[in-house]
Amino acid sequence: MGKSTFLNNLLGTKVAITSPKPQTTRFPIKALFENEDGQIIFIDTPGIFAKAEDSLSKKINQQTFQALHENVDLVLYMVDHTRKRDFEEGKVLGIVRKIEKPKILVINKVDNTEESYLPQYKFMESEFKDVFLISALNQTHVKPLLRRIFELLPERKEGSDILSETQQKGSYPLLNMDSYVFVAELIREKVFLMMGEEIPYTTTAIVDEITDRKNGIMYIKARILTTDNRYKRMLIGAGGRKIKELGSYARKEIALATGKKIYLDLTVVTDPHWQETYY
Ligand SMILES: Nc1nc2c(ncn2[C@@H]2O[C@H](COP(=O)(O)OP(=O)(O)O)[C@@H](O)[C@H]2O)c(=O)[nH]1
Ligand SMILES: [Mg+2]
38 MGKSTFLNNL LGTKVAITSP KPQTTRFPIK ALFENEDGQI IFIDTPGIFA KAEDSLSKKI
98 NQQTFQALHE NVDLVLYMVD HTRKRDFEEG KVLGIVRKIE KPKILVINKV DNTEESYLPQ
158 YKFMESEFKD VFLISALNQT HVKPLLRRIF ELLPERKEGS DILSETQQKG SYPLLNMDSY
218 VFVAELIREK VFLMMGEEIP YTTTAIVDEI TDRKNGIMYI KARILTTDNR YKRMLIGAGG
278 RKIKELGSYA RKEIALATGK KIYLDLTVVT DPHWQETYY
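Laid out in structure tokens, this is it:
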């Protein structure tokens, strides 16, 4: 799709994890964009689950819906022309239609011309006054889109601090995640990137400890939770190779993000109820 990629590349720093698998994002992510024209708080949302049967999908849908109806001034509706329009896409359009705020249709992945279902999205162009064809990956046409966003956003009076209106748990530009959650997200991303189709959806990551040690090393203790011993075995891999690889990939990125040397103590735990406990 590209929502999280769009936000990361616009900010020039990673705030949201991304992967080729659908439903990578699990909760709305708030981040602050600033340039000479002003400030924008972006909310990156998960996609909508058409069939929300398990408790996690239900919670994700509920939070996404809530985020869209919270004090939002403008909606960017992003579609991926390389994917066939399906039932889920129809459901999202239904939700977007009901929001009485300025809306921009953003057709993403114009860099990919190999596979296109663009004709299936054409009918939307008459519904949206503003349509932008962009590449979130290459930042193509992102500048004019940004200019239009600034035009459509209501102007706040000078001195009114938009940041005070939002929860501030994270550090700039990430507004609603502390370092524990952000590091857990980076670990979860590696599971999405390195494991097969099924496993990412059976897992989450929890960070239990982040300590700056005297020797300059940042010690991080984290767990990957999965619902079944079968998945646990796959996450650990033969001779512990998979978890080692996962940990090393995550560690490198955390080191890059923090500028510190990282010791990552990562274990895999079976917990069939993590969906209820942690989401
Ligand atoms: N070719 C291409 N791939 C993209 C583009 N934007 C995102 N992607 C890829 O699409 C996949 C899903 O992106 P992601 O940002 O996680 O989508 P989200 O689920 O909407 O947040 C990732 O593998 C991205 O690298 C783009 O403009 N062009
Ligand atoms: Mg996402």
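Numbering-wise, the sequence shown is residues 38 to 316 according to the working numbering.
A virtual CB, placed ideally from N, CA and C, is assigned to each residue, including glycine.
Residue range 75-81 is occupied by the beta strand (DSSP E) that includes residue 75.
Ranked by Cα distance from residue 47, the first of 291, 62 and 177 is 177. For residue 96, the three-state secondary structure derived from DSSP is helix. Ranked by Cα distance from residue 218, the first of 57, 77 and 65 is 65. In this structure, residue 213 lies near residue 67, with their beta-carbon atoms less than 8 Å apart. Rounded to the nearest angstrom, the Cβ distance from residue 259 to residue 220 is 7 Å, consistent with a contact under 8 Å. Proximity of the beta carbon of residue 121 to ligand 1 is not indicated: no heavy atom of the ligand is located closer than 7 Å. The nearest non-hydrogen atom of ligand 2 is 7 Å or more from the C-beta of residue 58.
Those residues having their beta-carbon less than 7 Å away from any non-hydrogen atom of ligand 2 are, in chain order, 38, 40, 41, 53, 55, 61, 62, 81 and 83. Annotation for residue 146 indicates a beta carbon within 7 Å of some heavy atom of ligand 1. Counted as a single uninterrupted DSSP element, the alpha helix (DSSP H) harbouring residue 128 occupies residues 124-135.
The nearest non-hydrogen atom of ligand 1 is less than 7 Å from the C-beta of residue 174. Listed in chain order, the non-local C-beta contacts of residue 302 below 6 Å within the same chain comprise 258, local neighbours out to five positions each way being set aside. Boundaries of the alpha helix (DSSP H) around residue 219: 216-231. Beta-bridge partners of residue 177 (DSSP): 172.
Put simply, the backbone Cα of residue 180 is about 26 Å away from that of residue 106. Checking the 7 Å criterion, the Cβ of residue 149 is within range of a heavy atom belonging to ligand 1. A Cβ-Cβ separation of about 5 Å places residue 56 in contact with residue 230 under the 8 Å criterion. In this chain, the beta strand (DSSP E) harbouring residue 261 covers 254-263. The three-state reading of DSSP puts residue 70 in strand, counting E and B together.
For residue 293 and residue 239, the gap between their C-alpha atoms comes out near 28 Å. Residue 298: not part of any alpha helix (DSSP H); member of the beta strand (DSSP E) spanning 298-307, first to last residue. According to DSSP, residue pairing for residue 140 in a beta bridge involves 112.
Residue environment for residue 61: buried (at least 16 other C-beta atoms within 10 angstroms of its C-beta).
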